[in-house]
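Numbering (the numbering used here), first residue to last: 200 to 392.
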Ligand code: GDP
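Next comes the structure, spelled out in structure tokens:
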């Protein structure tokens, strides 16, 4: 399995703390607990790079990871934590909007959804926000190992339709590494590597 040299660069709780752009960027976004930290670790092949949290909703910062000095993986904070007050979601919106509209060399957004969950209006609003910024995005259906194989493909197409994905979403599992190669291929294409 190909692994990547990756390192943590910065955790930015506000726009003033974003590191200076140093190459193409690729953002990863998902609802709190969708499996984002686990996916980042699985992608680069390094356990413990992104912190897998037992307390969703705790991190309110954008984390920047340098990958082989070729591109930056930008870990947007999880959204929609059930116990988060409205003000916290507003803070999330401000922080993420300041990143998306900050003139960064952002090449695309990987959007994660738990394969078992139906998207709601918050998910739809955030997808619309990505579209509004004219960004390429790739849907990823996480925790695919939780569904029976016979059910998985049908469920993925159901989610494609529900969210109006520009291309088929990728079924992904950090347990089995299903979808890892497909997602890496998309990322490599976007960052021009
Ligand atoms: P985040 O809040 O989006 O960063 O989510 P985490 O990466 O912290 O994962 C949330 C929970 O889902 C953890 O208990 C993980 O072990 C679990 N999880 C993440 N990815 C997978 C997966 O592919 N399969 C299964 N079965 N569980 C997963």
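C-beta atoms are modelled at their ideal positions from N, C-alpha and C, and glycine is treated no differently.
Below 8 Å, is the gap between the Cβ of residue 354 and the nearest heavy atom of the ligand GDP? Here residue 354 refers to the residue found at position 155 of the chain shown. Result no, Cβ not under 8 Å from the ligand GDP.
Give, in chain order, every unbroken run of the beta strand (DSSP E) that is at least 3 residues long and sits entirely within the stretch 269-308. 270-274
Extent of the continuous alpha helix (DSSP H) to which residue 229 belongs: Here residue 229 refers to the residue found at position 30 of the chain shown. Unbroken run through residue 229 is the beta strand (DSSP E), 224-229; no alpha helix (DSSP H).
Quick one: what does DSSP say residue 343 is sitting in, helix, strand or coil? Position 144 of the chain shown, counted from the first residue, corresponds to residue 343. In this structure, residue 343 counts as helix in the three-state DSSP scheme.
Pick from 344, 306, 266, 234 that is closest to residue 226, judged by C-alpha positions: Reading the chain shown from its first residue, position 27 is the one you call residue 226. It is 306.
Boundaries (first-last residue) of the alpha helix (DSSP H) holding residue 322: Position 123 of the chain shown holds residue 322. Where residue 322 is concerned, the enclosing alpha helix (DSSP H) stretches over 320-331.
Alpha carbon of residue 212 to alpha carbon of residue 260, nearest angstrom: Within the chain shown, numbered from 1, the residue matching residue 212 stands at position 13. Within the chain shown, numbered from 1, the residue matching residue 260 stands at position 61. One C-alpha to the other measures close to 4 Å.
Shorter than 8 Å, the distance from the beta carbon of residue 310 to the closest heavy atom of the ligand GDP, or not? As a first step, residue 310 must be located in the chain shown, where it is residue number 111. Checking every heavy atom of the ligand GDP against the Cβ of residue 310, none is found closer than 8 Å.
For the ligand GDP, is there a heavy atom less than 8 Å away from the beta-carbon of residue 238? Taking the chain shown and counting its residues from 1, the one referred to as residue 238 is at position 39. Result yes, Cβ under 8 Å from the ligand GDP.
Using a Cβ-Cβ cut-off of 9 Å, state whether residue 386 counts as contacting chain B. Absent from the structure: chain B. Only one protein chain is present.
With distances taken from CA atoms, which of 201, 352, 229, 223 is nearest residue 242? Within the chain shown, numbered from 1, the residue matching residue 242 stands at position 43. Residue 201 is the option with its Cα nearest to residue 242.
Which term fits residue 356, buried or exposed, when burial requires 16 or more other beta carbons within 10 angstroms of its beta carbon? Taking the first residue of the chain shown as 1, we reach residue 356 at position 157. With fewer than 16 Cβ atoms within 10 Å of its Cβ, residue 356 is classed as exposed.
Sort out for me which residues DSSP pairs residue 239 with in a bridge. Here residue 239 corresponds to residue number 40 of the chain shown, with the count starting at 1. None; residue 239 has no bridge partner.
Would you mind giving the Cβ-Cβ distance between residue 278 and residue 230, rounded to the nearest angstrom? I have them listed as a contact below 8 Å. Within the chain shown, the letter at position 79 stands for residue 278. Within the chain shown, the letter at position 31 stands for residue 230. With a Cβ gap of about 6 Å, residue 278 and residue 230 count as contacting.
Taking residue 342 and residue 314 to be in contact with their CB atoms under 8 Å, please state how far apart those CB atoms are, rounded to whole angstroms. Here the question's residue 342 lines up with position 143 in the chain shown. Here the question's residue 314 lines up with position 115 in the chain shown. That belief holds up - the Cβ atoms of residue 342 and residue 314 are roughly 6 Å apart, short of 8 Å.
Tell me whether residue 394, by its Cβ, gets closer than 8 Å to a heavy atom of the ligand GDP. This structure does not reach residue 394, given that the chain is present from 200 up to 392, and the question cannot be answered.
For a test of your reading of the model: does the CB of residue 343 fall under 8 Å from any non-hydrogen atom of the ligand GDP? Yes or no. The sequence position of residue 343 within the chain shown is 144, counting from 1. Yes, the ligand GDP has a heavy atom inside 8 Å of this Cβ.
Is residue 370 near the ligand GDP, going by C-beta to nearest heavy atom under 8 Å? Against the chain shown, residue 370 aligns to sequence position 171. Because no heavy atom of the ligand GDP lies under 8 Å away, the Cβ of residue 370 does not count as near it: no.
In angstroms, rounded to a whole number, what distance separates the CA positions of residue 256 and residue 281? As a first step, residue 256 is located in the chain shown; it is residue number 57 there, counting from the start. As a first step, residue 281 is located in the chain shown; it is residue number 82 there, counting from the start. Model confidence at residue 256 stands at a pLDDT of 49, short of 50, so the residue's coordinates are unreliable and nothing is read from them.
Pick from 220, 228, 210 that is closest to residue 322, judged by C-alpha positions: Here residue 322 is taken as the residue at index 123 of the chain shown, counted from 1. That would be 228, whose Cα lies nearest to the Cα of residue 322.
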